[in-house]
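Have a look at the structure below before the remarks.
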Amino acid sequence: MSDEQGRTGSFQGAAVGAFESRRAEEFARLIERNGGQPFVSPSLREVQVDDPREAIDFAHQLITGQVDMVLFLTGVGFRYLMEIVTKHVDRQRFLDALSDIVTIARGPKPVAAMREVGLNANIRVPEPNTWREVLATIDGQVPVGNQTIAVQYYGKVNPSLTAGLEARGARVVGVPVYRWELPEDLGPLEANLQRLVRGELDIAFFTSAHQAVNTLELARRQGIEEQVLAGLNRIVVASIGPTTTEMLRDLGIRVDFEPTHPKMGHLVS
Numbered sequence: 002m003s004d005e006q007g008r009t010g011s012f013q014g015a016a017v018g019a020f021e022s023r024r025a026e027e028f029a030r031l032i033e034r035n036g037g038q039p040f041v042s043p044s045l046r047e048v049q050v051d052d053p054r055e056a057i058d059f060a061h062q063l064i065t066g067q068v069d070m071v072l073f074l075t076g077v078g079f080r081y082l083m084e085i086v087t088k089h090v091d092r093q094r095f096l097d098a099l100s101d102i103v104t105i106a107r108g109p110k111p112v113a114a115m116r117e118v119g120l121n122a123n124i125r126v127p128e129p130n131t132w133r134e135v136l137a138t139i140d141g142q143v144p145v146g147n148q149t150i151a152v153q154y155y156g157k158v159n160p161s162l163t164a165g166l167e168a169r170g171a172r173v174v175g176v177p178v179y180r181w182e183l184p185e186d187l188g189p190l191e192a193n194l195q196r197l198v199r200g201e202l203d204i205a206f207f208t209s210a211h212q213a214v215n216t217l218e219l220a221r222r223q224g225i226e227e228q229v230l231a232g233l234n235r236i237v238v239a240s241i242g243p244t245t246t247e248m249l250r251d252l253g254i255r256v257d258f259e260p261t262h263p264k265m266g267h268l269v270s
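Spelled out as structure tokens, the structure:
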């Protein structure tokens with residue numbers, strides 16, 4: 002891992018556990034290239050919401066001029082939103098309406114997703130892309146008092162972000178489009194839980210806050226939550242960035258390393 006001063010080091014054969022889902026194979030290769038033995042167990046999957054009513058209502062409000070700005074928090078969320086709303090409203094009218102208002106992207110992933118449909122975000126939130134940077138960016142670039150701002154939530158509502166926007170006088174319209182669940186195949190995650198209990202991992206990587214939530218949820222279901230927590234607190238735990246670090250600490254897990262930039266490559270290499 003690199004530390005904040007940029008020094009690099011090899012894992013030197015260490016057993017490295019990770020809980021990445023979408024980029025699991027890439028993560029395993031990164032660990033191997035840095036001399037580690039990878040044990041990568043997907044810990045979550047994204048599932049479209051069962052009831053898309055709020056997303057559809059948002060689309061109608063947008064098209065009829067009732068929304069002043071939209072905050073897109075994730076790329077996958079933007080794609081899910083497009084998939085949902087274009088079944089119920091005219092796609093081009095929806096895109097035209099988005100292009101007529103202020104759009105805010107929380108980092109490069111929603112920027113890329115928007116570009117896929119020909120949209121450019123008016124405002125981009127800088128690293129590390131937490132709710133704090135979102136609010137600071139809004140404070141510096143766009144007034145939200147007496148404005149209706151739609152927020153595409155990811156996984157679950159962020160109460161700190163919502164409260165911050167409302168404190169600034171905004172009317173917040175939540176747009177949930179997907180939720181997080183445990184992976185369908187629990188085998189790899191169960192195996193990593195047992196490795197933690199038996200002391201067979203030297204390092205653990207978490208690349209999102211909800212990976213930690215799901216990992217401990219499965220441990221709780223299996224009656225081994227305390228043993229897993231103890232196992233994590235015996236080894237080196239690395240976090241992708243501030244939001245994940247905050248969640249890990251809230252769950253009782255000590256964090257030993259967080260890279261300067263919240264990127265997978267910076268975390269591992």
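Using my numbering, read the sequence shown as starting at 2 and increasing by one per residue.
Every residue gets a Cβ at the ideal spot worked out from N, C-alpha and C, and that includes glycine.
Small disclaimer: the values here were computed from a predicted structure and weren't measured.
Spatial distance of Gly18 from Tyr155 (CA atoms): Going by the C-alpha atoms only, they are around 25 angstroms apart.
Other residues of its chain near Pro53: CB distance less than 7 angstroms, five sequence neighbours each side excluded: Around Pro53: Ile85.
Simplified DSSP assignment, three categories, for Leu45: Here Leu45 sits in coil by DSSP.
Val145, DSSP secondary structure in three states: Coil at Val145, not helix or strand.
DSSP three-state assignment for Pro127, whether helix, strand or coil: Here Pro127 sits in coil by DSSP.
Pairwise C-alpha distance: Phe40 and Glu272: With the chain covering only 2 through 270, there is no way to say anything about residue 272.
Anticipated Cβ contact below 8 angstroms, Ala151 with Phe59, distance rounded: Contact flag correct, Cβ pair sits at about 5 angstroms.
Own chain, CB closer than 7 angstroms to Gly175, minus 5 neighbours either side, in chain order: Only Glu55, Val152, Tyr154, Val158 meet the Cβ criterion.
C-beta atoms of Val71 and Tyr179 nearer than 9 angstroms: The answer is no: Cβ separation not under 9 angstroms.
Cβ separation of Gln67 and Thr149, assumed to be a contact under 8 angstroms, to the nearest whole Å: That belief holds up - the Cβ atoms of Gln67 and Thr149 are roughly 6 angstroms apart, short of 8 angstroms.
Per-residue DSSP class, three states only, for Arg235: Residue state, collapsed to three classes: coil.
Residue nearest to Trp132 in terms of C-alpha spacing, selected from Val118, Pro144, Pro160, Met115: The residue with the shortest Cα to Cα distance from Trp132 is Pro160.
Three-way DSSP call (helix, strand, coil) for Ile204 in this model: Of the three classes helix, strand and coil, the one that applies to Ile204 here is strand, per DSSP.
DSSP bridge partner residues for Gly253 (one or two, in chain order): The partner list for Gly253 (beta bridge, DSSP) is empty, contrary to what the question assumes.
Leu99 to Ala192 span [Cα, whole Å]: Spanning the two alpha carbons is a distance of roughly 45 angstroms.
Status (buried if at least 16 other CB within 10 Å, exposed otherwise) for Glu26: It counts as exposed.
Burial state of Val229 (16 or more Cβ within 10 Å): Val229 should be labelled buried.
Contacting residues, own chain, Cβ-Cβ under 8 angstroms from Val256 (five flanking each side not counted): Result list for Val256: Val238, Ala239, Ser240, Thr246, Leu249, Arg250, in chain order.
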